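Novice: Take 11 as the starting number for the sequence shown in my numbering and just add one per residue. The following block contains the structure, expressed as structure tokens.
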Amino acid sequence: MYLKIFSFVYSTIVPLQIMSLETIYILAIESSCDDTSASVFKNDEKLSNIIATQSVHEDYGGVVPELASRAHQKNIVPVVDQALKKANVKKENISAIAFTKGPGLLGSLLVGSSFAKSLAFALDIPLIEVHHMQAHIFSHFIKDNEKPAPEFPFLALTISGGHTQIVKVNNHFNLEVIGETLDDAVGEAFDKSGKMLGLDYPAGPIVDKLAKEGNPEKFKFSKPKVKDLDFSFSGLKTAVLYFLRKEEKSNPNFIKENIEDICASFQKTVVNILMDKLDMAVKKTGINRIAIGGGVSANSGIRNALKVSEKEKNWDCYIPKFEYCLDNAAMIAIVAYYKYLNKDFSDLSVTSKARFQL
Ligand code: KG4
Ligand code: ZN
Numbered sequence: 011m012y013l014k015i016f017s018f019v020y021s022t023i024v025p026l027q028i029m030s031l032e033t034i035y036i037l038a039i040e041s042s043c044d045d046t047s048a049s050v051f052k053n054d055e056k057l058s059n060i061i062a063t064q065s066v067h068e069d070y071g072g073v074v075p076e077l078a079s080r081a082h083q084k085n086i087v088p089v090v091d092q093a094l095k096k097a098n099v100k101k102e103n104i105s106a107i108a109f110t111k112g113p114g115l116l117g118s119l120l121v122g123s124s125f126a127k128s129l130a131f132a133l134d135i136p137l138i139e140v141h142h143m144q145a146h147i148f149s150h151f152i153k154d155n156e157k158p159a160p161e162f163p164f165l166a167l168t169i170s171g172g173h174t175q176i177v178k179v180n181n182h183f184n185l186e187v188i189g190e191t192l193d194d195a196v197g198e199a200f201d202k203s204g205k206m207l208g209l210d211y212p213a214g215p216i217v218d219k220l221a222k223e224g225n226p227e228k229f230k231f232s233k234p235k236v237k238d239l240d241f242s243f244s245g246l247k248t249a250v251l252y253f254l255r256k257e258e259k260s261n262p263n264f265i266k267e268n269i270e271d272i273c274a275s276f277q278k279t280v281v282n283i284l285m286d287k288l289d290m291a292v293k294k295t296g297i298n299r300i301a302i303g304g305g306v307s308a309n310s311g312i313r314n315a316l317k318v319s320e321k322e323k324n325w326d327c328y329i330p331k332f333e334y335c336l337d338n339a340a341m342i343a344i345v346a347y348y349k350y351l352n353k354d355f356s357d358l359s360v361t362s363k364a365r366f367q368l
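Put into structure tokens, the structure is as follows:
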């Protein structure tokens, strides 16, 4: 108990000493949703990052948990093998094995955690559990991003298919959620609205592509009124549904004839919601270093809006390299590296968690 309190206080007030004389090789595995990924790091340097995306879900309009879990089982050995080969590292030389503990789909998480546990046991090396959303935030600490990592403290906007949060990142291990969605995640809003437009899953990147050809001022969707730094996206999804129903009554070809403008108007509304809350968070905390992470950070609308704010509001914005926006094991490896330096290891009884607070 005392040890727990001590390590919590220690990790929250003593910034990590990023210093180690030994060379650490970490093998990391990410399997929280529908991508099987493995990455090998030499200290904080990425040697490989292999991602196998599952196309099996496309026909179903969303991720089917059972199919995802089965595809992970099929992919995990070849993906790990490829990651080690590309890195030119033998499994006997790995110092630790890291995996995503959660949040995510339980069946998917279990494939990664069971594999990591077995390998850690067989090789008799430390096992490191990583929080998926912490990893999205720390993808900025991977060296080959456009900019060096943000200084602490900074604000992170995590936007994915399962999350929408604003996090105050005080140091490597002290993260405070200061705002989050009360219902749907922003990626879900993209995917579900896209589905109503007849787009394939995941619809986010398709909406983004179509939005580039459309007029963002053509249609108006009202923004939800949510207090403080919290978000809500379920109302917007319903607004899209009613809007489409109404328009299709008078013109059955409405979607086909207006798809670019609908996507552009929808995306503009989402970006405005996110930017309004970020603006509020900057004012509230006095921190103007903003890092985005998660699948939706690939969105061109949010990326452009942040670039405009850098110029107009003097924000210092961090946008991850495209490879690190979507789910990948490199982001798991970088968090694991800091945990390794802190000797923050898990024992083999650790369990996967579908719901897991940051
Ligand atoms: O982080 P991620 O790969 O998986 C989760 O942890 O959820 O995020 C996936 C989400 C999906 O909802 C997908 O539609 C969305 O990210 N997404 C995008 C874009 N690329 C991916 N949403 C909007 N614009 C994009 N360019
Ligand atoms: Zn993710």
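A virtual CB, placed ideally from N, CA and C, is assigned to each residue, including glycine. What you are looking at is a predicted structure, and each value in this text was computed from that prediction instead of being measured.
Under the rule that 16 or more other beta-carbon atoms within 10 Å means buried, what is residue 361, buried or exposed?
Specialist: Looking at its Cβ environment, which holds fewer than 16 other Cβ atoms inside 10 Å, residue 361 is exposed.
Novice: Report the three-state DSSP secondary structure of residue 42 (helix, strand or coil).
Specialist: Here residue 42 sits in coil by DSSP.
Novice: Let me check understanding here. Comparing Cα to Cα, which of 60, 91 and 152 lies closest to residue 344?
Specialist: The residue with the shortest Cα to Cα distance from residue 344 is 152.
Novice: Answer yes or no: the CB of residue 146 versus the heavy atoms of ligand 2, is any distance below 7 Å?
Specialist: Residue 146 Cβ: within cutoff of ligand 2.
Novice: Any chance you could list the residues with Cβ under 5 Å from a heavy atom of ligand 1, keeping chain order?
Specialist: Result: 170, 171, 172, 197, 200, 201, 212, 214, 215, 218, 304, 305, 306, 308, 309, 336 and 337.
Novice: Residue 223 and residue 270 look like a contact to me (Cβ under 8 Å); what is the Cβ gap, rounded to whole Å?
Specialist: So it is a contact: roughly 4 Å between Cβ atoms.
Novice: Any idea if residue 178 is buried or exposed, counting beta-carbon neighbours within 10 angstroms, 16 or more meaning buried?
Specialist: So residue 178 ends up on the buried side.
Novice: Would you say the beta carbon of residue 142 comes nearer than 7 Å to a heavy atom of ligand 4?
Specialist: Looking for ligand 4 in the displayed structure turns up nothing; the ligands present are ligand 1 and ligand 2.
Novice: Compare the C-alpha of residue 207 against each of 247, 135, 189 and 93 and name the closest.
Specialist: Selected option, being the one with the closest Cα: 247.
Novice: Straight-line CA distance for residue 197 to residue 145?
Specialist: Roughly 17 Å separates the two Cα atoms.
Novice: Report, in whole angstroms, the separation of the C-beta atoms of residue 201 and residue 171, which I expect to be a contact under 8 Å.
Specialist: Going by Cβ atoms, the distance from residue 201 to residue 171 rounds to 7 Å, so yes, they are a contact pair.
Novice: Taking C-beta to C-beta, are residue 369 and residue 368 nearer than 8 Å?
Specialist: Because the chain is modelled from 11 through 368, residue 369 falls outside the range shown and cannot be assessed.
Novice: Output the boundary residues of the alpha helix (DSSP H) element that contains residue 89.
Specialist: Residues 75 to 97.
Novice: Taking the straight line between their C-alpha atoms, what separation do you get for residue 310 and residue 301?
Specialist: The straight-line gap from Cα to Cα measures roughly 15 Å.
Novice: What would DSSP say about residue 200, mapped onto helix, strand or coil?
Specialist: If DSSP states are grouped into helix, strand and coil, residue 200 belongs with the helices.
Novice: Judging by CA-CA distance, which residue of 258, 147 and 112 is the nearest neighbour of residue 139?
Specialist: That would be 112, whose Cα lies nearest to the Cα of residue 139.
Novice: Under the assumption that residue 189 contacts residue 239 (Cβ atoms under 8 Å), give the Cβ distance between them as a whole number of angstroms.
Specialist: Rounded, the Cβ-Cβ distance is 3 Å, consistent with contact.
Novice: Starting from residue 273, follow the alpha helix (DSSP H) in both directions and report where the run begins and ends.
Specialist: Start and end: 264 to 295.
Novice: Compare the beta carbon distance of residue 123 and residue 86 with 8 Å and say whether it is the shorter of the two.
Specialist: Their beta carbons are not under 8 Å apart, which means residue 123 does not touch residue 86 by this criterion.
Novice: Alpha carbon to alpha carbon, how far is residue 37 from residue 229?
Specialist: In a straight line, the C-alpha of residue 37 is about 48 Å away from that of residue 229.
Novice: Can you tell me the Cα-Cα spacing of residue 74 and residue 84, whole angstroms?
Specialist: In a straight line, the C-alpha of residue 74 is about 16 Å away from that of residue 84.
Novice: Have a look at residue 53 and residue 34 and give me their C-alpha separation to the nearest angstrom.
Specialist: For residue 53 and residue 34, the distance between alpha carbons rounds to 5 Å.
Novice: Less than 8 Å between the CB atoms is what I'm expecting for residue 115 and residue 78, so what's the real figure, rounded?
Specialist: Going by Cβ atoms, the distance from residue 115 to residue 78 rounds to 6 Å, so yes, they are a contact pair.
Novice: Looking only at its own chain, which residues have a Cβ that is under 7 Å from the Cβ of residue 298, when we skip the five neighbours before and after it?
Specialist: Hits under 7 Å: 292, 324, 325 and 326.
Novice: Count the CB pairs spanning the region 89 to 102 and the region 313 to 320 that are closer than 8 Å, and state whether there are at least three.
Specialist: Touching, no, given that fewer than three Cβ pairs across the two stretches are closer than 8 Å.
Novice: Skipping 5 residues on each side, what residues in its chain have a beta carbon closer than 6 Å to that of residue 82?
Specialist: Within the same chain, residue 82 has close Cβ partners 41, 46, 118 and 121.
Novice: From this set, 90, 155 and 141, which residue's C-alpha is nearest residue 126's C-alpha?
Specialist: The shortest Cα separation from residue 126 among 90, 155 and 141 belongs to 90.
Novice: Determine the burial state of residue 260: buried for a count of at least 16 other Cβ atoms within 10 Å of its Cβ, exposed for fewer.
Specialist: With fewer than 16 Cβ atoms within 10 Å of its Cβ, residue 260 is classed as exposed.
Novice: Looking only at C-alpha atoms, which of 71, 92 and 66 sits nearest to residue 58?
Specialist: Comparing Cα positions, the closest option is 92.
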